[in-house]
Structure formats: structure tokens, C-alpha cells
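Chemist: Be aware that the sequence shown starts at 149, since it is given in my numbering, and climbs by one per residue.
Glycine included, C-beta positions come from ideal geometry on N, C-alpha and C.
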Amino acid sequence: MPARTFIDILIEQKSLTADSAAVLRRTAKDKNIPLEEVLAKDGGVSEEALLKARAEFYKIPFRQLRGFRVPLEVLKHIPEESARFYKFVPIDQSEGLIEVGMLNPEDSKAREALNFIANRMHIAFKVSIISPTDLESVLKEYQTLGGEVTKAIGQFQKESELKFPSSFSLEKQKKKDVFIDEAPITRMVSVILRHAVEGRASDIHIEPIQDTLRVRFRVDGILYTSLTLPKDVHSAIITRIKVLTNMKIDESRIPQDGRFRAEINGRNIDFRVSTFPTGLGEKVVMRILDSEAGIKTLEAIGLSGRNLDTVKRGLNKPYGIILITGPTGSGKSTTMYAMLQLLNEDGVNIVSLEDPIEYFVEGVNQSQIRPEIGYDFSTGLRSILRQDPDIILVGEIRDKETAGLAVHAALTGHLVISTLHTNNAMGAIPRLIDLGVDPFLISPTLALVVGQRLIPRLCEDSKNAIELTGRSRELIDAEIRKIPDVIRSQVNFQEVKEIYQAKPSNLCPKGTRGRLGIFEVLEGTPSLQKIILEGGAQEKIAEEGVRQNFITIRQDGILKVLEGVIGLEELLEVT
Numbered sequence: 149m150p151a152r153t154f155i156d157i158l159i160e161q162k163s164l165t166a167d168s169a170a171v172l173r174r175t176a177k178d179k180n181i182p183l184e185e186v187l188a189k190d191g192g193v194s195e196e197a198l199l200k201a202r203a204e205f206y207k208i209p210f211r212q213l214r215g216f217r218v219p220l221e222v223l224k225h226i227p228e229e230s231a232r233f234y235k236f237v238p239i240d241q242s243e244g245l246i247e248v249g250m251l252n253p254e255d256s257k258a259r260e261a262l263n264f265i266a267n268r269m270h271i272a273f274k275v276s277i278i279s280p281t282d283l284e285s286v287l288k289e290y291q292t293l294g295g296e297v298t299k300a301i302g303q304f305q306k307e308s309e310l311k312f313p314s315s316f317s318l319e320k321q322k323k324k325d326v327f328i329d330e331a332p333i334t335r336m337v338s339v340i341l342r343h344a345v346e347g348r349a350s351d352i353h354i355e356p357i358q359d360t361l362r363v364r365f366r367v368d369g370i371l372y373t374s375l376t377l378p379k380d381v382h383s384a385i386i387t388r389i390k391v392l393t394n395m396k397i398d399e400s401r402i403p404q405d406g407r408f409r410a411e412i413n414g415r416n417i418d419f420r421v422s423t424f425p426t427g428l429g430e431k432v433v434m435r436i437l438d439s440e441a442g443i444k445t446l447e448a449i450g451l452s453g454r455n456l457d458t459v460k461r462g463l464n465k466p467y468g469i470i471l472i473t474g475p476t477g478s479g480k481s482t483t484m485y486a487m488l489q490l491l492n493e494d495g496v497n498i499v500s501l502e503d504p505i506e507y508f509v510e511g512v513n514q515s516q517i518r519p520e521i522g523y524d525f526s527t528g529l530r531s532i533l534r535q536d537p538d539i540i541l542v543g544e545i546r547d548k549e550t551a552g553l554a555v556h557a558a559l560t561g562h563l564v565i566s567t568l569h570t571n572n573a574m575g576a577i578p579r580l581i582d583l584g585v586d587p588f589l590i591s592p593t594l595a596l597v598v599g600q601r602l603i604p605r606l607c608e609d610s611k612n613a614i615e616l617t618g619r620s621r622e623l624i625d626a627e628i629r630k631i632p633d634v635i636r637s638q639v640n641f642q643e644v645k646e647i648y649q650a651k652p653s654n655l656c657p658k659g660t661r662g663r664l665g666i667f668e669v670l671e672g673t674p675s676l677q678k679i680i681l682e683g684g685a686q687e688k689i690a691e692e693g694v695r696q697n698f699i700t701i702r703q704d705g706i707l708k709v710l711e712g713v714i715g716l717e718e719l720l721e722v723t
């Protein structure tokens, strides 16, 4: 009985008819070309069907990657040069086996090369068939963060062995510092920075953990481990970053702060850097500030409905203080810049004090504070008042002196916009009192308080609809009942039968893309002014919020969940 061929398998899979198969066999024989080539070119057989047939023919699995990212620790098992030449790549690791995707499993030379690598590295491999597209996708991974850093590590270790044998003395150890400016470490740091920017990260964490060095990126508010490095590159990487920021290289016992600018993909990117001593060595966090990213509108950052109307009303006031509250990383600066965009007109003099200047706004006089030379927010505020400002932006109110100066500036006819670290909008009033500002000064000046958080926005191309039932329905119904009647009446909640959740895809590996603000807004009404004068009791402020049809950050988030722009799971993680 003759052995089964590709043709037989394709006929069984109904990818080909018997008549077509006979024609294709003759064509391959007459032209003396491989049958697979004829099947792909003239047979109208899809690539997937052909690959499945080949997998069955060779009795090995067919693996579709569909955008799967190969982990760095897997990629390291096969050198890039071998992968490109023999057309096989490592794609996964489980139960002590490395899965290798091959384009041509019938290639005896490729099989021999794979066996050689397996014996040399003492690792077992299992083989799958992959498509040419998936092969190219994995080969590109060698040029990504993991691949480029892996090459740099290899060069670093090789050159370190040559320059510094294991027996060198403590005196010779000092010479190793010179090496930090040489190619491998410089390239390693550059690759980390570039991939963080390209991956839309807001922060980079470089932290020692036991025997390794972990690099994590914060994307859409969530920290992800991007790669793990050998512990022996830790000191060199930290020193390289200190060189960039002009920090003290020989000081590792106390925290240090610095900043530097780099041009990445034609864009000027600022990095705000902080070092922190831990029991395992220094940790570094770099905040990425893309000054060319552009300023968003109030609507684009997530303000809508009653909150948007209230904010616009507050911005139209001729004087007073507008405070934006929330923890670090909640988007307060972005909201301030969105407000500036609305206020920035030719007949208005806007002066800002910032640390750092995150976005450059044409027409606004922006000033970078420098505490190391005595130029801080309070010092800058005194000078600003002599610059004939109409609107003053103060990056942050941190102390009693800055708070007092900001309130006095608002009292003397200026509109002041600033940020304050509190958990919610209603906490801004007691916070100002705690900073030493008298209630009789807060009462006439407080125009608006905005509380906010950031939530990952669902990717429009891949979000998944789920039925709104069970615990999710109960939770949402409970929050809806607390929403003021005037707002609840605008949406027919009973007709909402489904909500959306994150669904990973090639475009959005985590199912989310970007972040959206959720807000609560408290207006400085005459009623609120009276409450402040009476001491600013929290329960009284809460009652005033109800009178203003105030909705909480969580309730605003619920409305956005029902609109399908954020997921309930992501909302609950933040609120």
C-alpha cells in the first residue's frame, strides 16, 4: 500500500478535490518542481491548510503563534545567526523542553544543527511546524528589547572576562568603573529606554532581586516585567544612569534625584530619575516625560456630563483657586494642561511653576523650579506676582508657605490652578486647613476641586462583550442607586444587558490601550463657603455634595463601564 502524501491529506481535509489533485500532480512532475510549491501557487490551497497537512505528514504539531511574544529566557537558547540560517526559532518552554518552530522539518542540515545545539546546551527540544510569517515575527524578537539586551549582555560578559579575570584585587576593581561608558552597557541602557518609549510606558523600574536584576515597565498604570538581567550588570547599569543624570556615582547609601533628556525616534524625551537604596542594592525608577506628545482636551481625558459643565464653569471665574487632587500617577498634570489649553488666549498672561515642565505650551510662560539652588514653589510664587499674571499654574502645593501664597494670589484677583495630594475631592479642604491655611481665607477663594484616578481604556479593536448578571449586576445596581436622580434619569440603566472586558490581541496584548480619567468635581458654591467658615466638617461637605448632584470617582467609573470604554475589573482594582 503506497504511503500517504500531502495530496491525500489535503483531500481528506477537503482542502482539495481528487480531480484538482491529479492535475497538480502532473504539473509538479512535468515541471520537475516540488509538489508543495505547486499546491501553494496553483492549487488554491490556503497556507494554513498546507501547513496542517505538512504537520500531519511529518507527524509533528502545527503551531500558530498569532502575535505570541517569545519570552527572553526562551529566545536565548538559540543564537540569532543559527535561527536565521536554518529557519528555526525557540518559541516556548514547558516541562523542561524547549519548543522549536521549524519552517522546513525535512531539512536534514537544520535537524543536525538543532541536535548540535541541544547537546552543547544540555537541553531537550521538541519540534513544531510554523508559518513563514510567524518565523519572521520571532526573528524580529531578536531585534527587540530581549534580543538586543541579550547581545549586549553577552558582549559585556565576554569583555569583562577579558578585562577583569576572577583573581583581580580590590584595587583593580576600581578600574571596572571605566568600563561603564563602553559599548555594551551604554547600548543596554539605550535599548531599555527606547523600548519603554515605544511601548508607551510611563515609568521604568530597574530593581535588584536576589540573584537577578529585574526591569519593569509601567504601561497603562500596570507594572509588567519586561526582562530579567544577570546580577553582575547591576552596578554598571546604575552607574551609567547616574552618569547621564550627573548624580554622585560613588554614593549608594542615600536616595538621589536627577533628570536627563534623550532623543528617541526623533522625539525629545525627558527622564526624571530617582535612586533608592535597598538591602539588595540600589533601585532606579525613571519617569518618562514626552514633551512632544501633545496636550489633550478636557473631553479627551474623560470629563463629561455634569463634571465637564462644572469644570468649565469654574474655569470661567475671574479669580479663585482650582485644585486637582489624587495620588501620584493619577493624571493631575495632564488635567492641568487640558485646562490651560482652554484658558490660553492672546489677551491672557499665564505663568507657571512646574517640576518638571512636562509639556511645552505655546503662549504660556513656563518656569522650571530648581530647589537645589533655592528656587522652589514658594520662591517662584513671590516672583510670579510681580510678572502681572492673570492665571497662575503651580505644579504642586506641598507645604504651608506655598499653600498660603497660592490662596493669597487667588484673593488678589488671580486664577490659580494647582494640585494637592488627597484621596478625594472632599479631602482637599481639611488638607488645606492641616497645612495651616485659615478657613476664612479658603472660603472666598476655593473655586473648584477635582478628584481623579486613571483607568486602563479598553482596546476598541478587541474588547469582549459579557452578559451583565450576577455579582457584577448587583454591584453596578448598588452604585447606580446612589447616583443623583438628575443624572440617573439621563441613562436607561435597565436596558443595559452587557458590559465589556479586556480581550488581548496583536494590537493590544493586554486588551487595553491608553488610560482614561474618572472624576469627581466639587464646586465652590456659597453654601460650601459657609461650611468651610464653620470648620469644614466632612459630613457637612458630603451633604453639600449631594445638593450639588455630586458623583463620586467610582460612580463616574460605573457610568464609563456602562458606556463600554473601561472594564469593571479594572475599575474595581483602582476604586
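In chain order, what are the residue ranges of uninterrupted beta strand (DSSP E) at least 3 long that sit wholly in the stretch 505 to 529?
Modeler: Segments of the beta strand (DSSP E) lying fully in the stretch 505 to 529: 513 to 516.
Chemist: Is there contact between the stretch 628 to 641 and the stretch 495 to 512, where contact requires at least three CB pairs shorter than 8 angstroms?
Modeler: These segments do not touch.
Chemist: What do you reckon, are the CB atoms on ARG388 and ARG407 nearer than 8 angstroms?
Modeler: no
Chemist: Thinking just about the alpha-carbon of each residue, which of ARG702, ALA576, SER481, GLN696 is nearest to the one in ALA626?
Modeler: ARG702
Chemist: Taking 6 angstroms as the limit between beta carbons, can you name the residues of its chain near GLN241, skipping five residues before and five after?
Modeler: VAL222
Chemist: What would DSSP say about LEU428, mapped onto helix, strand or coil?
Modeler: coil
Chemist: Assuming THR723 contacts ARG601 under a Cβ cut-off of 8 angstroms, what Cβ separation, rounded to an integer in Å, is found between them?
Modeler: THR723 to ARG601, Cβ: 7 angstroms. Contact.
Chemist: Just grab the DSSP bridge partners of SER675 for me.
Modeler: Answer is none; SER675 lacks a bridge partner.
Chemist: Roughly how many angstroms lie between the CA atoms of LEU716 and ASN394, to the nearest whole one?
Modeler: 44 angstroms
Chemist: Between which two residues does the alpha helix (DSSP H) holding PHE588 run?
Modeler: 587 to 593
Chemist: Confirm, please, whether the CB-CB distance from TYR648 to LYS611 is below 8 angstroms.
Modeler: yes
Chemist: Where DSSP assigns a beta bridge to THR373, which residues make up the other side?
Modeler: ARG364
Chemist: Please go through the stretch 375 to 410 and give each complete alpha helix (DSSP H) segment of 4 or more residues, from N-terminal end onward.
Modeler: 382 to 393
Chemist: Taking the Cβ atom as the reference point for each residue, do ALA551 and LEU583 lie within a distance shorter than 8 angstroms?
Modeler: Cβ distance < 8 angstroms, so ALA551 and LEU583 count as in contact.
Chemist: Exposed or buried, ASP282, counting other C-beta atoms within 10 Å across all chains shown (16 or more means buried)?
Modeler: buried
Chemist: Below 6 angstroms CB to CB, which residues in the same chain sit around LYS708 once its five sequence neighbours on both sides are set aside?
Modeler: ILE714
Chemist: In the DSSP assignment, find the unbroken beta strand (DSSP E) run with GLY249 in it and report its ends.
Modeler: 245 to 250
Chemist: Do ASP538 and LEU568 have their C-beta atoms closer together than 8 angstroms?
Modeler: no
Chemist: Using the Cα positions of ILE239 and GLY249, report the straight-line distance between them to the nearest angstrom.
Modeler: 6 angstroms
Chemist: Go through its chain and collect everything with a Cβ distance to ASP347's Cβ below 7 angstroms, but skip five positions before and after it.
Modeler: In the sequence as presented, Asp is not what sits at residue 347; that position holds Gly. Within the same chain, PHE365, VAL367 come within 7 angstroms of GLY347 by CB-CB distance, once the 5 residues on both sides are set aside.
Chemist: Is THR599 helix, strand or coil when you go by DSSP?
Modeler: As written in the sequence, residue 599 is Gly, which differs from the Thr given in the question. GLY599 falls in the strand class under three-state DSSP.
Chemist: Exposed or buried, ASN464, counting other C-beta atoms within 10 Å across all chains shown (16 or more means buried)?
Modeler: exposed
Chemist: Work out the CA separation of PHE233 and ILE246 for me, nearest whole Å.
Modeler: 19 angstroms
Chemist: If we ignore side chains and look at the alpha-carbon of each, how far apart do ARG335 and GLU687 end up?
Modeler: 57 angstroms
Chemist: Could you please give the first and the last residue of the uninterrupted alpha helix (DSSP H) stretch that includes LYS688?
Modeler: 686 to 695
Chemist: Looking only at C-alpha atoms, which of ILE706, VAL542, ILE631 sits nearest to SER500?
Modeler: VAL542
Chemist: Report the three-state DSSP secondary structure of LYS207 (helix, strand or coil).
Modeler: coil
Chemist: So, under 8 angstroms CB-CB, PRO356 and LYS431 are touching, yes? Tell me the CB distance rounded to an integer number of Å.
Modeler: Indeed, because the Cβ distance is near 7 angstroms, the residues count as touching under 8 angstroms.
Chemist: In terms of residues, what are the limits of the beta strand (DSSP E) holding ASN464?
Modeler: No beta strand (DSSP E) holds ASN464; DSSP gives it neither H nor E.
Chemist: Do you know how far the Cα of PHE667 is from the Cα of GLU549?
Modeler: 28 angstroms
Chemist: Is there a C-beta anywhere in chain D that falls below 8 angstroms from the one on HIS353?
Modeler: The displayed structure is made up of one protein chain only, and chain D is not part of it.
Chemist: Buried or exposed: which applies to THR560, given that a residue is buried once 16 or more other Cβ atoms fall within 10 Å of its Cβ?
Modeler: exposed
Chemist: ALA426: buried (16+ other C-beta within 10 angstroms of its C-beta) or exposed?
Modeler: Contrary to the premise, residue 426 reads as Thr rather than Ala in this sequence. By the neighbour-count definition (other C-beta atoms within 10 Å, threshold 16), THR426 is an exposed residue.
Chemist: ALA203 and PRO209: beta carbons closer than 8 angstroms?
Modeler: yes
Chemist: What are the boundary residues of the alpha helix (DSSP H) that includes ILE647?
Modeler: Premise fails: ILE647 lies in the beta strand (DSSP E), 646 to 649, not in any alpha helix (DSSP H).
Chemist: Which of the three DSSP states, helix, strand or coil, is assigned to SER230?
Modeler: helix
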